[in-house]
Structures are given as C-alpha cells and as structure tokens.
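Protein chains in written order, with the numbering used here: chain A, 1 to 219; chain B, 1001 to 1219; chain C, 2001 to 2216; chain D, 3001 to 3216. Cβ atoms here follow ideal geometry from the backbone N, Cα and C, with glycine treated the same way. Bear in mind the structure is a predicted one, so any value in this text is a computation, not a measurement.
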C-alpha cells in the first residue's frame, strides 16, 4: 500500500469510532485526515486547540483565504457555519474539563497499559508537547492513529514504552493500518485486523501481547 | 450634622484619595456616594463586581432604563462611554489579580492591625460576604469609609476586632466624619481631624491608640 | 450541522430531579432563567442543592425555590436580600454554605476546566478557612479551594443560535457562561433564538458545545 | 474619560529592557504583535525571558527574537517549527522550559487572577513533574502549577478603541487576552483603532483597564 492509502485507511477506520454530535480534536499530521471521512450528517464538530470549534474538512480557497482562521499549525482553514472562536484559556477548559469527546493523535509508542509517548525523542529534536498532554488527560476517549510499525519496521505497540511519556494510562483505542486494538485494564484486546492479514501476522509485528476478542472482525 | 451630610462628608474626603486614571470598586451603601464627588476629568473608572467597569455617578432616567445594566445590588445604573462588561470569572480576576487600585467599603469594625469585620454579626442576620473578602485581599489599596461610631456611640476603630473577620491586615486607610487614619505596621496614625474637633476628642471615641502625624491637617 | 434541541420550560424543569445539584445563573435575579425557575416552582422537585451567586429576593429569581421549600442546601456568596433564606437557615431546614464570590466562581470554573482546585488567599484568617486544606507555596500560605460541579446548570442568555452559541448582554453575563462549563446537563433559557449564521461567530460569548437544550 | 496613550512601535520596544520577562501573544505567529517584535529586533535589548505559546518560525513571530539571540530563556509549549530554538537549546545558550499548553495558559491566568496556582493532572507521570510540588486532594494526586507573571506583555488585537478595549478576530485570540492580565505593563498592537463608543461595549473581548499603551 502507498503511504497515502495507508494513512487514509487508518483515518477512515478512526472516523467510524466517532459518535454523532460529538466534539473531536484531531492532532496534527495523519489524524487531520479523519475529518475527510466523516459524514456531514453526523453533526460532528472538530476543535482546534488554538481556539476554534468547527474546523471544516474543506481546504480554503486561495482566493478567499481568511488568515484569521487558522489551525494549531498556524495554517488557514475553513469553518463550518456553526463555528465558534475562543481564547486559549477557554480552549483548554474545553480540553481539560472533559468536554472533548475524542482526541485522535499520533504516537511514537503506545504500550499495553495505555501509556503514550508522542512528544520527544531524547537526543533528537524536541518539538515540545504543545497541547498533547492536556488532550490525552482531558478527552473522554483517546484514540491513537498511527502506522503499526516505525520506518525501520519496528513495533510501535510495545509491552512498555521506552521514550519519555506524554501521559500514563490514557489511550483507549489504537488504530493502525493492520489492526484495531482496544486498551483494557487486562491489557490489549485485538478487535479487528485488516483484510488479508492474520492474527498471527499482527502479533508478529506487535511487541505487546494481544488477546483476541471473541468477535474478531476484518476491516 | 444630619446623616446625609455626614455621609457626603466622608464620601467627599474618600474621593480625594483616588488617583487619576485609577480603577475603583465602591461597596454598597455609603461608599457608592464617592462617585458623585469625583471629577470627570480625573478619568477614574468604577468597577461593579457583577461584571462592569464604568459605572456612572448619574442615576438612570426612568424613561430610558436599561435593565441589563445593573450594579451589584441588582439595581439599574448608567454607564460611561468607555464601559466594559464581563463575566464573574473575569470580574474577580480583575479584583483578586491586583487590577483594582482602590476598594472603598464600609465596616462594622476595623482594628489597629488593619483587620476588617464587615460581613456578619453572629446571632443576627447573615447577609454573606459577597465579594468583600475578595476585594480587600485583592485591591491595591483598601479604604474603609464609615461613621466613626456605631448607632449607640461605641467606637468602631478598635484595638482588636471582636466580630468574625472579613480579612486580616488589609485596611490601608480609615475615613470617617471625624478623622482620616492611616494603618501602618506600627499601628494607627491620625493624619487628619475634622474641622472643629481636637485630637483628644477623636481619641476619646476611638478604642485603638492613635499616633498623631507630625503634619496633622484638618478637613 | 450540529443543532441543539429546543424544549419547553416544563421539559426543562423535568430535567431537574429531587436531590440534584443545580447551578442557577444570575446576580440578584439579573440574568437568571426566570421562566425555568417558575416552571420548577410548579413541579414537585425538592431536596435540591442550589449553587447560585445569591439567593435573590423572596419573590424573585432562585429565591422563589427557597420560599417554596424546594432547596435543602444552598451554596452562595450572598443571601442578605432574601429574608426567607435566613429564616430557613436558622430553623435548620436549609443548609447554607457561604463562599466568597471570587472563590465561588473559581470553584465552578475549576470543575468546568478540569482543575483539581485553585489556591487563593481570600478567606485566610476567617471562618472560610474551616475544614479546608492549606497549602504552602513560594513561602506563602493559601487555601485550597476545590471544584464545584452540578448535575444541571440552568442559565439565561439574551440571544442563542440553534447551535447553542450564546450572547449575554451587558451585566447579564455574571455566572452564566462559567456555570455552563461545569454541569452534566446545561439548559439555556433565552429571550431570542436565531438561525445559525445570522449573527457572526465572534459576537457569541459562549460556544454552543456547552449547551444541551434551548428554552425559548 | 479614561483614554490610553498611543505610542510608536519604537516607543513600545523601548519599554522592554534587557533581562525582563516578556509575554508575547500569538499562536504560530497568528495573532502576534509582529510590528513590535520587528522593532524589538532592531533594538539592543537582550537576555530576555520570553513567555509565548510557541517559538514561531525562525523568520516569523517571536522566533525572530530567538534568531537574533535576544532571548536567554524561553517558556513555551511548542518549539518544533523553529529549528533555531533547538540549535541554541542544544548549544546551551538558550534555556527552554517546555510546558503543556493548557498548563501554560492556566499559569498565566493564575498570575493575572491573583491565584497562588492551580492543581492539574496534566503532566503526571511525565518529565513535567520534575521539581514540582504534588498535592493530594479528594483522594487524587495533582501537580501544583504556579503562576507565571511578566514585566511586559506584548499583545495583538484586531481592533482597539481609545480606551483600550480590544477585539481579537477569530483565532487571533489565543494567548492575547489572558497575557494582558498578567504583566506589569501591557502594550497592544492593533490593525485598527476606533473612537470610544464607535463599537458597542459588548463586542469587545478584553476590558481596556488591562491596557497601558496602544500601538497602531
């Protein structure tokens, strides 16, 4: 699969997890693609932590760009009709106060306890945590959307994270191009595998032990 | 002196303490009168803790009443042109964050340490502290404006407060119809006495010991 | 589009059950949801814990709920203009928790913003200290004031659009926008309801995301 | 009437002295006071402690101050899009204090609102814990995050009236209004200045009381 197909497959699968009428924060990078896969009729709203609810999946038309409507990367975006704008204090009250139903974000590593590492690789560049630590502590559901393995083919779903954590015990669901894995108090439950893959193939590229649900599905 | 003259004399003297361009909160009752004695050219703004900066000294015209512009007692008031309105969170950020230059309020008792009691008389009605505890902790200068003695002629400026406190060590200045008294770390300093009164007469109706400034004035 | 359901005042009142904690916006009845309060007075709901800036007047604002003996506990900063509150408090039928106004709004905000509480010097050296944890920080002493959340918040807005975005005119803002962040169910009463897009986004003072139901 | 002085960008830059703590509004340079930053880059001021959501880009926003080596300490939540920050950090010439974004805004708000700090669970179990006091409250553990104040706040508003009342359009709000509450001197740069009364009071998002100087 091409990179683009992989990323869209993951985004499309994450989109199915989002409940109608919910408020969702999409992290930078691949999670942003999720918006494209959500049906307008669902009444789902996307928050951007720089101070906006109602980011549209549409890309702004160059000729009608509003530089005062931007996302957390500082790029101009479009707004839905019911958009609202607010300052960072209210934005993080929304995030930390449990008002965001789902936070979708990428990861460097996730482990069987739901620990998440996604903000720093010691010795390499230090981007900073931005709003990630707040989002994963505050959102009602935390969904990690990432490729199953890193560039070298090493597992990113680990028994125990090795990188500095973003937060402990916060991830609820892991969605990759190979599998959908739920994090429970008893460890990781493999709920779905991608079409054409076996449970064994998924486990082979996953460091953490996976229990398989009774009701395994393909996606 | 009639009650009204006494109250206005106190208010007029308090008004002289307010610095040009400052932000001032006036407590309910007599302190409200202070606004009438402030010259417009001073650029002094009055805050009302229910969410307004720019309460006007003018009383609203019955025919042009805006019931959405009220003071902390719920009564309609007038606004100056540069008025701003805000919610209670910002109102008390303004109050507690040191953004109010002076808080003028009444007292049941004040003592030589600057302790203030003005919210409750045990066994009698319990109005509640409202915003008084916040105001005296947060305002840069706390001015007590009150009659020198209570209805029975007993001193209200005491060696030590007997009623439950509003706050400790907060009062900076006491203005009554008889005297202007500054609260310092070394106790109370009598700075001014009303025309026609002697220092001894003021001390006679004051429970706390008063040191007299070298530069005593009459007002 | 995400639109919020419009309900009747009676439906709104029925969302409040006996024993619940209910936040009610307003300041001396200014900016209070008066129609919902009236509907609640008509209901049999009682044993309420009401969180409100003040207890209004005996015949106005949330004071009506007190006069009608539907409130068993009141958390407020001021109760002086409703004599009925004092009467029931002295009779032991109404528990009153008096809180400094700035502390009260921060406690509600803390619940809405997911904070474990805030440190304040307001109340130090007074009866407000009683039963509270003190924290030393940077050489100073503070009271730790904990969050206050509610089951239902009843708020009042001047204008609401169908997505729930709210405008509170002038001094009607007071506790309304913050209470909307701190309750499981938030019902807004409004004088005026408009279509989405009729008013530009920046004019709204509270995002519709906090609103569950709209009462006209 | 209480009006605020209008000053030039050079005057604004001169209010910032070497060694000061300076808050700069904006989010990835959106809603940042770009003209004042440019004037500051032209000055000899250095050894600044900059508090900002992010370090912008190397050639845009407060990143320019970093590129020009006028900053000795940076408190921010994100520095990834300005490689110069990482270079100076690794060289040991720039101390970078990374703070979760929600914690950063609450710390600034705490200073502005007179709080001794707030309790949060953000950062628990991470390096953010290091050197911080933990508080147990209601059976849960929290980090105590202390206030962050500044000598000067440089903010950007879309429209300001002569009394200092500010409007921040759409997503240009971000850290601007809260920073205005937390600094000894607050300077607002604006695209547009209007007479008092030209725009109705309820349209403004920050009371003029927080503003010391206006730069057009």
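### Task
With 7 Å as the limit, tell me which residues of the stretch 3178–3208 of chain D have their beta carbon closer than that to any beta carbon of chain B; keep them in chain order.
3181, 3196, 3197, 3201, 3202, 3204, 3207 and 3208
### Message
Assuming residue 2035 (chain C) is part of the alpha helix (DSSP H), what are its boundary residues?
### Response
Residue mapping note: residue 2035 (chain C) aligns to position 35 of the third chain, counting from 1. Its alpha helix (DSSP H) spans residues 2034–2042.
### Task
Would you mind sorting residue 1013 (chain B) into buried or exposed? The rule is 16 or more other CB atoms within 10 Å of its CB.
Translated into the one-based positions of the second chain, residue 1013 (chain B) becomes position 13. Result: buried.
### Task
Reducing DSSP to helix, strand and coil, say where residue 1072 (chain B) ends up.
The residue you call residue 1072 (chain B) lines up with position 72 of the second chain. In this structure, residue 1072 (chain B) counts as coil in the three-state DSSP scheme.
### Query
Looking at residue 1155 (chain B) and residue 1161 (chain B), is the spacing between their C-beta atoms short of 7 Å?
Against the second chain, residue 1161 (chain B) aligns to sequence position 161. Against the second chain, residue 1155 (chain B) aligns to sequence position 155. No.
### Query
Unbroken beta strand (DSSP E) runs of length 3 or more, entirely within the stretch 2043–2102 of chain C: which are they?
2048–2051, 2071–2076 and 2095–2098
### Task
Let me know if residue 3097 (chain D) comes out buried or exposed under the rule of 16 or more other beta-carbons within 10 Å of its beta-carbon.
Position 97 of the fourth chain, counted from the first residue, corresponds to residue 3097 (chain D). Exposed, since its Cβ has fewer than 16 Cβ neighbours within 10 Å.
### Message
So within the stretch 1006–1082 of chain B, which uninterrupted beta strand (DSSP E) runs reach at least 3 residues, ignoring any that extend past its ends?
### Response
1023–1026, 1045–1048 and 1052–1055
### Query
How many whole angstroms separate the CB atoms of residue 2101 (chain C) and residue 2053 (chain C), which I take to be in contact at a CB cut-off of 8 Å?
Reading the third chain from its first residue, position 101 is the one you call residue 2101 (chain C). Reading the third chain from its first residue, position 53 is the one you call residue 2053 (chain C). Contact holds; Cβ gap of about 7 Å.
### Query
Can you name the residues of chain B whose CB is closer than 8 Å to the CB of residue 2076 (chain C)?
Taking the first residue of the third chain as position 1, residue 2076 (chain C) is located at position 76. Within 8 Å Cβ-Cβ: 1128.
### Task
Take residue 140 (chain A) and list the residues in its own chain whose beta-carbon comes closer than 8 Å to its own, dropping the five residues that flank it on each side.
Working through the first chain from its first residue, we reach residue 140 (chain A) at position 140. These residues qualify, in order along the chain: 98, 100, 101 and 102.
### Query
When burial is assigned at 16 or more other CB atoms within 10 Å of the CB, is residue 2147 (chain C) buried or exposed?
By one-based count along the third chain, residue 2147 (chain C) stands at place 147. With 16 or more other Cβ atoms within 10 Å, it is buried.
### Query
Distance, Cα to Cα, residue 1062 (chain B) vs residue 1078 (chain B)?
Within the second chain, numbered from 1, the residue matching residue 1062 (chain B) stands at position 62. Within the second chain, numbered from 1, the residue matching residue 1078 (chain B) stands at position 78. So the two alpha carbons sit approximately 11 Å from each other.
### Task
Taking all protein chains shown into account, decide if residue 2090 (chain C) is buried (16 or more other Cβ within 10 angstroms of its Cβ) or exposed.
For the purposes of this step, residue 2090 (chain C) is identified with residue 90 of the third chain, where counting begins at 1. With fewer than 16 Cβ atoms within 10 Å of its Cβ, residue 2090 (chain C) is classed as exposed.
### Task
Could you work out which residues of chain C lie near residue 3107 (chain D), taking near to mean beta carbons separated by less than 9 Å?
In the fourth chain, residue 3107 (chain D) corresponds to position 107, counting from 1. The contacting residues do not exist; residue 3107 (chain D) stays about 12 Å from chain C at best.
### Query
Quick one: is residue 1128 (chain B) buried, meaning 16 or more other Cβ sit within 10 Å of its Cβ, or exposed?
What you label residue 1128 (chain B) is simply residue 128 of the second chain in a count that begins at 1. Per the 10 Å Cβ criterion, buried.
### Query
Grouping DSSP H, G and I as helix and E and B as strand, with all else coil, what is residue 1155 (chain B)?
Sequence index remark: in the second chain, residue 1155 (chain B) carries index 155 (1-based). Residue state, collapsed to three classes: strand.
### Task
Enumerate in chain order the residues of its own chain whose CB-to-CB distance from residue 15 (chain A) is below 6 Å, with the five nearest sequence positions on each side excluded.
As a working note, residue 15 (chain A) is residue 15 in the first chain. Here the set comprises 34, 37 and 38.
### Query
Does the distance from the C-beta atom of residue 21 (chain A) to that of residue 51 (chain A) stay below 7 Å?
Looking up residue 21 (chain A) in the first chain gives position 21. Looking up residue 51 (chain A) in the first chain gives position 51. No, the Cβ-Cβ distance between residue 21 (chain A) and residue 51 (chain A) is not below 7 Å.
### Message
Using only the alpha-carbon positions, how far apart do residue 7 (chain A) and residue 2071 (chain C) sit?
### Response
In the first chain, residue 7 (chain A) corresponds to position 7, counting from 1. In the third chain, residue 2071 (chain C) corresponds to position 71, counting from 1. Taking the straight line from one Cα to the other gives about 55 Å.
#### Entry: Ranges of the alpha helix (DSSP H) found wholly within the stretch 3153–3187 of chain D, counting only runs of at least 4
3176–3179
### Task
Check each residue of the stretch 2118–2148 of chain C: if its Cβ is closer than 8 Å to any Cβ of chain D, include it; give the result in chain order.
2118, 2119, 2120, 2121, 2133, 2135, 2137, 2138, 2140, 2142, 2144 and 2146
### Query
So, does the CB of residue 3001 (chain D) fall closer than 7 Å to a CB anywhere in chain B?
On the fourth chain, residue 3001 (chain D) is found 1 positions in, with the first residue counted as 1. Output row for residue 3001 (chain D): interface = yes.
### Task
On a CA-only basis, which of C:2157, C:2128 and C:2120 is nearest residue 2140 (chain C)? Give me that one, please.
Counting from 1 along the third chain, the entry for residue 2140 (chain C) is found at position 140. Taking only the C-alpha atoms, the option nearest residue 2140 (chain C) is C:2120.
#### Entry: Under 7 Å from the C-beta of residue 1068 (chain B): neighbouring residues of chain C
Start at 1 with the first residue of the second chain, and residue 1068 (chain B) comes out as number 68. Per Cβ cutoff of 7 Å: 2169, 2170, 2171 and 2172.
#### Entry: Where residue 3165 (chain D) meets chain B, residues with beta-carbon distance less than 8 Å
Position 165 of the fourth chain, counted from the start, is the residue given in the question as residue 3165 (chain D). Correct list: 1082 and 1084.
#### Entry: Where residue 2039 (chain C) falls, given that 16 or more other Cβ within 10 Å makes a residue buried
In the third chain, counting from the first residue as 1, residue 2039 (chain C) sits at position 39. So residue 2039 (chain C) ends up on the buried side.
### Query
Got a sec: is the Cβ-Cβ distance from residue 2098 (chain C) to anything in chain B below 7 Å?
One-based indexing of the third chain puts residue 2098 (chain C) at position 98. Closer than 7 Å to some Cβ of chain B, the Cβ of residue 2098 (chain C) qualifies, so yes.
#### Entry: Per-residue contacts from residue 3115 (chain D) into chain C (C-beta, under 8 Å)
Locating residue 3115 (chain D) in the fourth chain gives position 115, where the first residue counts as 1. The contacting residues are 2106, 2118, 2119 and 2120.
### Message
Going residue by residue through the stretch 103–191 of chain A, where are the continuous beta strand (DSSP E) segments of at least 3 residues, counting only ones entirely within it?
### Response
109–111, 141–145, 173–175 and 179–184
### residue 1089 (chain B) - containing alpha helix (DSSP H), residue span
Counted from its first residue, the second chain places residue 1089 (chain B) at position 89. Residues 1088–1096.
### Task
Name the residue from D:3145, D:3130 and D:3137 whose alpha carbon lies nearest to the alpha carbon of residue 2137 (chain C).
Taking the first residue of the third chain as 1, we reach residue 2137 (chain C) at position 137. Per the Cα distances, D:3145.
### Query
Which one of B:1091, B:1060 and B:1074 has the shortest CA to CA distance from residue 1025 (chain B)?
The residue labelled residue 1025 (chain B) in the question sits at position 25 within the second chain. Considering only alpha carbons, the answer is B:1091.
### Query
Is any beta-carbon of chain B found at less than 7 Å from that of residue 3102 (chain D)?
For the purposes of this step, residue 3102 (chain D) is identified with residue 102 of the fourth chain, where counting begins at 1. Taking Cβ atoms only, chain B never reaches closer than 7 Å to residue 3102 (chain D), which makes this a no.
### Query
Under three-state DSSP, which class holds residue 1203 (chain B)?
Counting from one through the second chain, the residue named residue 1203 (chain B) turns up at place 203. In this structure, residue 1203 (chain B) counts as helix in the three-state DSSP scheme.
### Query
Below 7 Å between beta carbons: does that hold for residue 2142 (chain C) and residue 3116 (chain D)?
Position 142 of the third chain, counting from 1, holds the residue named residue 2142 (chain C). Position 116 of the fourth chain, counting from 1, holds the residue named residue 3116 (chain D). The answer is yes: Cβ separation under 7 Å.
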